[in-house]
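Novice: Protein chains in written order, with our numbering: chain A, 1 to 138; chain B, 1001 to 1138.
Once you've had a glance at the structure underneath, I'll fire off some questions.
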DNA sequence: CCAATAATGCAATACCATTGCATTGGTTAA
DNA sequence: TTAACCAATGCAATGGTATTGCATTATTGG
Ligand SMILES: [Mn+2]
Ligand SMILES: [Mn+2]
Ligand SMILES: [Zn+2]
Ligand SMILES: [Zn+2]
C-alpha cells in the first residue's frame, strides 16, 4: 500500500517524504476535491505551511490539479490523466454541490469546444457546474 | 447622463445615493470586469466597506454579476440581460487574458449544454476561458 | 420639520496566501 | 564514519481580503 504511494510520488519525480506520503494517502481516500484546510484537519501532525508547499509541489509536478469552484477556496484533486509539470490535461467538468458543498471531478465529461470572438485565443478552459449532486438528490 | 444612471438604479429598486451613482458610473465606463480594489482606486472618496456593500446590493438586485475568474479576486460587470434578485441569467462565457490580466464578458457566447452523470442536476454554469485577448494578440 | 429608516464610515475580527529564516533530516563524497 | 550539501520542514511574520458590529450620517415619508 505505502509502496504504491511512494511509487506514485516517484513517477512524478517527487521525493517521498513522510509528510508527502501522508498527504497523498489522504488525497487517495477522497471521492471529492478537498481544500488545504480539509487536509490540515485530516492530519493531526501537519503544519499549515508545509501542506501549502506540499500541494504546490504536487501541482507543479502534475500529481494533482487545483480547482477554483467559485467559493474562493481552492480545492485539490488527483490528476486522472497523465499530467506533467505545468502541463495539465484536466479539461474536464467540475461540479459544485450547493447542498453538501462538495466539489467533484467529472473526468468523463470533457469541456466542449467554445467559439470565441475574433482575436481571442484560448489556452485553458475551466467549467464549473453548480447544482445538486447525486447524494443530495435523495 | 446622471439621470439615466439614476433611472437604471431605480429600475432595479436601488436607492440612488451619491456613492451608488458614482460606482455605477464607474462600472458603465469599463469594457472589462473590475475588482473591488479597482473601484476603490477609481474613486477618490470611497470607503472600502461601502463599496463592498454597494456591490453586494447591486448583485442582489440583478444590476451586476460577479465573475470568479480563477484569480481568487472577484470581478464585477454590469448585467446585460434582464437579471433580477438572485435570478441571474448571465450564462455567458468569460475570458481571462493571461497577458493583460483583464476579465471580459462575452455575452454573445452562451455556455453550451453540458451532459452530467445520472443524479447530478445543474443550476448554474460558470465557464472561464483563459488565454490571450484581442488587444494582446498584437 | 420630525421621526423612522437606510446608508455610510470606522474599528475590529477572522481567514487565507505567501515569504524569510533558522532548523532538521537525508544523501553523497571524502 | 564523518563532513558537507541540499531538500524539506516548522515557526514567525507579513500582507491582503472578506465580513461584522456599531455609532454616525443621510434620506425618505408623513
Ligand atoms: Mn478535476
Ligand atoms: Mn459577464
Ligand atoms: Zn451534494
Ligand atoms: Zn489581454
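Just so you know, even glycine gets a beta-carbon here, dropped at the ideal spot from N, CA and C.
Remember, predicted model here, so these are calculated numbers, not experimental data.
Residues in the same chain with beta-carbon distance under 6 angstroms from residue 58 (chain A), minus the five sequence neighbours each way, listed in chain order, please.
Specialist: 64
Novice: Does the beta carbon of residue 133 (chain A) fall short of 7 angstroms from some heavy atom of ligand 1?
Specialist: no
Novice: With a threshold of 8 angstroms between beta-carbons, can residue 140 (chain A) be considered close to chain B, or not?
Specialist: The structure shown does not extend to residue 140 (chain A), since chain A spans only 1 to 138, so no value can be given for it.
Novice: Is residue 94 (chain A) closer than 8 angstroms to residue 128 (chain A) when the C-beta atoms are compared?
Specialist: yes
Novice: Looking at the secondary structure, which residues open and close the beta strand (DSSP E) in which residue 1124 (chain B) lies?
Specialist: 1121-1132
Novice: Of the residues B:1046, B:1047, B:1035, B:1017, which one's Cα is nearest the Cα of residue 1066 (chain B)?
Specialist: Minimum Cα distance to residue 1066 (chain B) is reached at B:1035.
Novice: Nearer than 7 angstroms: is that true of the beta carbon of residue 121 (chain A) relative to any heavy atom of ligand 4?
Specialist: no
Novice: Against chain A, with Cβ distances strictly below 8 angstroms, would residue 1055 (chain B) count as a contact?
Specialist: So, not an interface residue.
Novice: Could you round the C-beta distance between residue 1083 (chain B) and residue 1132 (chain B) to whole angstroms and report it? I think they count as a contact, below 8 angstroms.
Specialist: Not really, about 29 angstroms apart at Cβ, beyond 8 angstroms.
Novice: Got a sec: which bits of the region 108-127 of chain A sit with their beta carbon under 8 angstroms from any beta carbon on chain B, in order along the chain?
Specialist: 108, 109, 111, 112, 114, 115, 116, 117, 118, 119, 120, 121, 122, 123, 124, 125, 126, 127
Novice: Please determine, among A:75, A:126, A:99, the residue with the shortest C-alpha to C-alpha distance to residue 92 (chain A).
Specialist: A:126
Novice: Where does residue 1118 (chain B) land, buried or exposed, given buried means 16+ other C-beta within 10 angstroms?
Specialist: exposed
Novice: Closer than 8 angstroms, CB to CB, is residue 1102 (chain B) near chain A or not?
Specialist: no
Novice: Relative to the C-alpha of residue 115 (chain A), which residue among B:1111, B:1116, B:1115 is closest?
Specialist: Of B:1111, B:1116, B:1115, the residue nearest in Cα terms is B:1111.
Novice: State the start and end residues of the unbroken alpha helix (DSSP H) segment that holds residue 1057 (chain B).
Specialist: 1048-1060
Novice: Can you tell me which residues form a DSSP beta bridge with residue 45 (chain A)?
Specialist: Within the DSSP bridge table, the entry for residue 45 (chain A) names no partner.
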